[in-house]
Amino acid sequence: MASGCSYKDLHYAYRVGVSTISNIIKEVTNAIWNNLHGEFMTLPNTISDWEYIANGFNTRANFPHCIGAVDGKHIRIKKPNNSGSMFMNYKDFFSIVLLAVVDSYYKFTYICVGSYGKECDSTIFKECTFWKKLIDGDLQLPAACPLTNDSDLSIPFVVIGDEGFGLHQHLMRPYGGNHLDRNKRIYNYRLTRARRYVECAFGILANKWRIFHRPLDVDTSTAISIVKACTVLHNFIIDMEGVQSNIETTSNVSSVVNVFTDAPNEQNSTRGGRCANVIRSEFTNYFISTAGAVPWQDESI
Numbered sequence: 023m024a025s026g027c028s029y030k031d032l033h034y035a036y037r038v039g040v041s042t043i044s045n046i047i048k049e050v051t052n053a054i055w056n057n058l059h060g061e062f063m064t065l066p067n068t069i070s071d072w073e074y075i076a077n078g079f080n081t082r083a084n085f086p087h088c089i090g091a092v093d094g095k096h097i098r099i100k101k102p103n104n105s106g107s108m109f110m111n112y113k114d115f116f117s118i119v120l121l122a123v124v125d126s127y128y129k130f131t132y133i134c135v136g137s138y139g140k141e142c143d144s145t146i147f148k149e150c151t152f153w154k155k156l157i158d159g160d161l162q163l164p165a166a167c168p169l170t171n172d173s174d175l176s177i178p179f180v181v182i183g184d185e186g187f188g189l190h191q192h193l194m195r196p197y198g199g200n201h202l203d204r205n206k207r208i209y210n211y212r213l214t215r216a217r218r219y220v221e222c223a224f225g226i227l228a229n230k231w232r233i234f235h236r237p238l239d240v241d242t243s244t245a246i247s248i249v250k251a252c253t254v255l256h257n258f259i260i261d262m263e264g265v266q267s268n269i270e271t272t273s274n275v276s277s278v279v280n281v282f283t284d285a286p287n288e289q290n291s292t293r294g295g296r297c298a299n300v301i302r303s304e305f306t307n308y309f310i311s312t313a314g315a316v317p318w319q320d321e322s323i
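Taking this note's numbering as reference, the numbering of the sequence shown is continuous, increasing by one, and the terminal residue is 323.
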């Protein structure tokens, strides 16, 4: 996975049959996931765990009440047999989608991998376990509370995403449009700044595991196993070596992140209902207030 070698490359290098290599890859990737994900990639299940993640985003990204940044990327694969156009994405290559929620330390807290390449981020997210637990109130999140001491409006903890996701009281997205006022542009900047952690996580993943630099020439189930193994090893390495060792690799993120292609965005309404819009407005007001503004934000919009 780290070298990006094909089965044929490994066959010639180690004089092992291709079918044997295939079986080894399946066995090892499944073992990696089964033995590591319980410790290194499980959804937080206590209020204190979620508060730790939210404090990370507040401290490192200056975005309060955030429990994760979500995004989806295409993983290139060879066309599966008898699949028609199911795996063909909007960029005209075959893929499965890796949808991930990431914390402010570039770690994957939740992944959903294996959806058809033709599907878009928001559709996949709405069908995943994380979203269903989030909207059903089953994630054991901290109670909603005001962003500042002088506010009476309680704000829930939220996930942040790009314009491909629909606005919801638990999911904040940018304001749409090309002629936004200063306040909305500042909000968009602050949200985008916090979202960079999921982009950087994908960049680190692609830089570490060279197998993603070419189409995965394996069956779909093995491709899913490879992706799951790489993501849990990504978390394992961060926990073992610390975040700083991985941050050093982000200097190349702008180039390697192009290994992955964004999942397509469906036309989501920028209106998410009155409650969601009130919550987004409160974040907007916070970001331009004395308590929530950062010194450089006006220069960055």
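A virtual CB, placed ideally from N, CA and C, is assigned to each residue, including glycine.
- If you check the CB distance, residue 301 and residue 191 come in under 7 Å.
- Taking residue 257 as the centre and dropping the five residues before and after it, the same chain places the C-beta of 62, 63, 129, 130 closer than 7 Å to its C-beta, in chain order.
- Within the same chain, and ignoring the five residues on either side of residue 166 in sequence, the residues whose Cβ sits closer than 7 Å to its Cβ are 176, 177, 178.
- It is roughly 6 Å from the alpha-carbon of residue 185 to the alpha-carbon of residue 195.
- With a threshold of 16 other beta carbon atoms within 10 Å, residue 158 falls short and is exposed.
- Counting of Cβ neighbours within 10 angstroms places residue 153 among the buried residues, the total reaching 16 or more.
- Cβ neighbours of residue 66 within its own chain (closer than 6 Å, five residues either side excluded): 72.
- Runs of beta strand (DSSP E) with 3 or more residues, each lying fully within the region 109-151, are found at 117-124, 130-138, listed in chain order.
- Out of 261, 255, 205, the CA that lies nearest to the CA of residue 320 is found in 205.
- A straight line joining the alpha-carbon of residue 59 with that of residue 254 spans about 6 Å.
- Counting other Cβ atoms within 10 Å of its Cβ, residue 240 reaches 16 or more and is therefore classed as buried.
- The beta carbon of residue 52 sits closer than 6 Å to those of 247, all from its chain and outside the five residues before and after it, given in chain order.
- Taking 7 Å as the cut-off, the beta carbon of residue 181 is found no closer than this to the beta carbon of residue 87.
- Residue environment analysis places residue 318 among the exposed positions, since fewer than 16 neighbouring C-beta atoms fall within 10 angstroms of its C-beta.
- Within the model, the alpha-carbon separation for residue 85 versus residue 164 is close to 16 Å.
- If you draw a straight line from the Cα of residue 315 to the Cα of residue 250, it is about 38 Å long.
- Closest option to residue 127, judged by alpha-carbon separation, among 77, 307, 31, 322: 77.
- Judged by their CB atoms, residue 95 and residue 237 are not nearer to each other than the 7 Å cut-off.
- Judged by beta-carbon spacing, residue 219 lies beyond the 7 Å limit of residue 322, meaning their Cβ atoms are not closer than that value.
- Excluding five sequence positions before and after residue 261, the CB atoms of its chain that fall closer than 7 Å to its own CB belong to 62, given in chain order.
- Your pair residue 121 and residue 147 checks out as a contact, with CB atoms roughly 6 Å apart and the cut at 8 Å.
- Here residue 109 is not near residue 132, since their CB atoms are 7 Å or more apart.
- Your pair residue 304 and residue 169 checks out as a contact, with CB atoms roughly 6 Å apart and the cut at 8 Å.
- Comparing alpha-carbon positions, the option among 125, 41, 209, 37 lying closest to residue 299 turns out to be 209.
- Its chain contains 123, 181, 183 as the residues whose beta carbon lies nearer than 6 Å to that of residue 92, once the 5 sequence neighbours on both sides are disregarded; these appear in chain order.
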